[in-house]
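Down below is the structure, laid out as C-alpha cells.
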Amino acid sequence: MTSTQNLEKAFFLSFKPPEKLSLSDWADKYAYLSLESSSEAGRWRTLPYKKAIMDAVTDPKIEQIVVMKSARVGYSKILNHVIGYHIHMDACNMMIVQPTIEDAAGYSKEEIACMIRDTKCLKGLISDPKAKDGQNTILQKNFPGGTLSLVGANSPRGFRRVSRRIVLFDEVDGYPIGGAGTEGDQIKLGIRRTEYYWNRKIVAGSTPTLKDFSRIEKMFLLTDQKRYYCPCPKCNHMQYLRWSQFTWMDNDPDTVKYKCESCNELIDHSKKRWMVERGEWRSTAVSNNPRHIGFHIWAAYSYSPNATWANLVEEFLASKDDPEQLKTFINTILGETWDDSYQAKVNADGLMQRAADSSYSQSSPPDEALIACAGIDTQDDRLSMSVIAFGRNFEMFVIDRKVIYGSPSRKDVWKQLDEALLNVYKTESGHELKIISAAIDTGGHYTQEVYQHVRDRESWGLIGIKGIGTKGKPALGKPSVVDINYVGRSLKKGVKLFPVGVDMIKTLLNNKLRDAELGEGYIHFFKETTHDYFEELTAEKQILRYKNGYQERIWAKKSGARNEALDEMVYSWAALERLLQKYDRRTIFDQFERKRTKSDSNTVSKLDSNKINRTKRPNFVSNW
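Take a look at the structure:
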C-alpha cells in the first residue's frame, strides 16, 4: 500500500463513528490495573456480578444507580472505568465526590493518575500535571470535550458554579454530618448540578453503617433492590447468598459450607466461581422510579484471595464477641446496616413507658429534685426549653417543657422566655424550686438576637453556648468574649460564649437513658411527656465512620427527624456544669439541701455568694 493510499485510509477513518461499546466491553478491551492501586496488575476482566452494574452506566434508560456494598467487591475500580470510558469514548463534564477533600486528593493521586498513565487509550488526552498550562491539577482534570472535578463532601465550594452530566458519589455514608457547610445535603447538591442534562447519570455507592441512619441504605430502599442470584450445583435452585446459610464445625473456618435453601446441599467453596458465573441479578422490590436501580453485593461473591468463605468465617469468629468488631464485620463484609440492639433499648416507646410509670406530673417535681437548670434551643420560628432538675448522685428529673412560637426577632418571644425562666416550681412537700442556671444555643439565623439577650441577663445565670462536635472536648470549656454587632451597632462589652462538648454530653446522657434501674444517674420524666418529645430525644445515635483510614464514632441524626429535646437536655447539663465550676461538685447537693430547710431565707449568701454575681434586677439567684 502506497503512502497516498495510507493517507486516504487515515482520512476516511477519521470520519468513522466511534465504536459503540458498553462500559464492561470498553473495560475488557482497554482498561489496565496499575500496580500501585491493585493487588494484581494487568488487563481488566469484568467479573459476572460487575457486568450489570457497569453496563447500567451506559444504558440510556437508566438515570440513577445505587450500590450498597461491602469491601472487596471492586466498586472503586468501576468508578475508575466510568471516568476512563467518558474521557475516551463520550467526553462530558463529570464530578466525583469523596467524603473529604483529602480523600478526593488521595483518590486523584492513587487511582486516577495511575489509570491515565497505564491505560494506553487515555494517554495524551490529559496533560501532564507538571505542565504550566494549569489544565491538569490534583482536583481538576481537563480533556478534549469535558472536565473531571474531584470534590470533598466537606467542602461547599466544590458544589458551586458547575454543571455536570455525570456525578459519582463514593462512600456516601462517610460524608460529614450536617451537609457541606451551610450549603445543605451533599447528595442533593451534587444531583442539582446535573439538572440541565437530559442524559445525566448519577452513581452512588457505599459501605453502609447504622440502620435507619445509613444514607446508602435509604437510597437503596427506594430502588428495585437487585440481588445476585446463583444456582445450586445440585438442584439448580436460584438464590442469593445469605450469611445465615453458611455453616461450619467446631469453630473451624476450613470446614465452611454453604447450605442450599432448597435441597440443603452443603456446597463447598470450590463451587463458588461456578455459581457466580451462572448467576444473574434479580429485582426484589419495585423502584419508586423506573429509571432508578439498586444493587446489593457483598464479599461472599468476590474472587479476591482475601474473600474466601473460610476467610470470612475466620473474621466473623474473631469479631463475634466484640460489638464494635462485629459491627465492622456486618458493615464491611456483609454490606449490611448494623441494627444496634444495645442502643435500641433507648427508644421512644420504651421511654414513653418510663413516663407512664412516673410518680410526678408536669411542673410538680418530686422532693428529690434540688437544683433546676434549663436548656434552650433556638429555631427560626420558635424557642423551645426543657427544665431539668438534678438530685443527689446526679439523678435527673425532667420537670417542664415549653415551646414559645414566633420568630426570635420579636421582643414578645423573648419576654415569654423571661417569664418561663422566672417560673417558680413547687415540689410535693411545697418547697420552692427555681431555675438558677440556664444555657441557650447561639447558633442558627438569630445569633445577634441571642447574644443581646444573654448579655443583658448574664447575671441571671443565663449563658450563651456553642456546640462543639469534636471528640474529646470537655462538657463546658472556657468562655471567649465575642463582640456583638446588633442592629448595626458595635458594643464595647461583648458577651461570654461557652464552648460545649456535645459529643461527651450526648454519650453521658445516652448511657443514663440506658440505665433502667432507679437511683444514681436515672433520668425521670413527668407523666404527661408526649411521644414526640421522646422521638426528639432519641433522634440521634452513635455511628461508625471511617476518616482517612481510621475508625471514629460520631453522633448522627436520623434523616428528617427533629432533635430539639436532645439538644435541650444537653444544654441543661451544660448549665449544670456552669454551676459545678462555681461549687464543689462533691458537696453542692448538700449545700442546696441545707438551704432548702431554711424556708425563711431569701438569699444564697451562705451558699458561697461571693461566687455568684449580685444584681438588683430580677434573676434566678436572688430571692432563691
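Using our numbering, read the sequence shown as starting at 54 and increasing by one per residue. Every residue gets a Cβ at the ideal spot worked out from N, C-alpha and C, and that includes glycine.
- Val-215 places its beta carbon less than 7 Å from that of Arg-246.
- A distance below 8 Å between beta-carbons, with the five flanking residues on each side excluded, links His-290 to the following residues of its chain, in chain order: Pro-284, Cys-313, Glu-314, Ser-315 and Cys-316.
- Contact between Met-148 and His-139 is ruled out by a C-beta separation of about 12 Å, above the 8 Å threshold.
- Taking the C-beta atoms as reference points, Ala-206 is found nearer than 7 Å to Pro-152.
- Straight-line measurement puts the Cα of Tyr-102 at about 7 Å from the Cα of Tyr-281.
- The DSSP assignment places complete beta strand (DSSP E) segments of no fewer than 3 residues inside the stretch 449-528 at 449-458, 477-479, 485-494 and 515-521, in order along the chain.
- According to DSSP, Glu-333 shares a beta bridge with Tyr-282.
- In the displayed model, Asn-189 falls within a strand according to three-state DSSP.
- Cβ neighbours of Ile-244 within its own chain (closer than 8 Å, five residues either side excluded): Val-220 and Ile-255.
- Inside the stretch 135-159, DSSP marks no whole alpha helix (DSSP H) run of 4 or more residues.
- Sorting Thr-591, Gln-117 and Val-553 by C-alpha distance to the C-alpha of Trp-251 places Gln-117 at the top.
- The beta carbon of Tyr-586 lies closer than 6 Å to those of Ala-618 in the same chain, with the five residues before and after it left out.
- Buried is the label assigned to Leu-404, since at least 16 other Cβ atoms lie within 10 Å of its Cβ.
- Judged by DSSP in its simplified three-state form, Glu-421 adopts coil rather than helix or strand.
- Lys-130 has its alpha-carbon roughly 14 Å from the corresponding atom of Asp-171.
- Pairing Ile-350 with Lys-122 gives a Cβ-Cβ distance under 7 Å.
- A straight-line Cα-Cα distance of about 14 Å links Lys-73 and Tyr-83.
- Apart from the 5 residues on each side of it in sequence, Arg-615 sits with its Cβ closer than 7 Å to the Cβ of Glu-589 and Ala-592 in its chain, given in chain order.
- Under the three-state reduction of DSSP output, Thr-381 falls in the helix class.
- When DSSP reads this structure, Pro-552 sits in a beta bridge with Lys-519.
- For Thr-431, the three-state secondary structure derived from DSSP is strand.
- Per DSSP, Arg-217 has no beta-bridge partner at all.
- Rounded to whole angstroms, the Cβ separation of Tyr-478 and Leu-486 is 4 Å, and the two are in contact under 8 Å.
- The Cβ atoms of Val-110 and Leu-76 sit closer than 7 Å to each other.
- With respect to the C-alpha of Cys-288, the residue from Met-328, Leu-275 and Ile-269 having the closest C-alpha is Met-328.
- Using a Cβ distance threshold of 7 Å, Thr-385 and Lys-264 do not count as a contacting pair.
- Each of Val-440, Leu-175, Thr-337 and Arg-508 was checked against the Cα of His-141, and the nearest Cα belongs to Leu-175.
- Between the stretch 345-362 and the stretch 268-280, the count of C-beta pairs closer than 8 Å reaches three or more; the two stretches touch.
- By the criterion of at least three beta-carbon pairs nearer than 8 Å, the stretch 513-530 is in contact with the stretch 548-560.
- Only residues of its own chain outside the window of five on either side were considered, and among them Tyr-85 and Leu-86 have a CB closer than 8 Å to the CB of Gly-95, listed in chain order.
- Distance between Val-534 and Gly-547, taken at the CA atoms: about 6 Å.
- A direct Cα-Cα distance of roughly 19 Å separates Ser-357 from Thr-381.
- DSSP, read as helix, strand or coil, puts Ala-109 in helix.
- In the DSSP assignment, Ala-257 is bridged to Val-119 and Phe-222.
- Per DSSP, the unbroken alpha helix (DSSP H) holding Ser-372 starts and ends at 362-372.
- Counting every other CB atom within 10 Å of its CB across the protein chains shown gives Lys-464 a total below 16, marking it as exposed.
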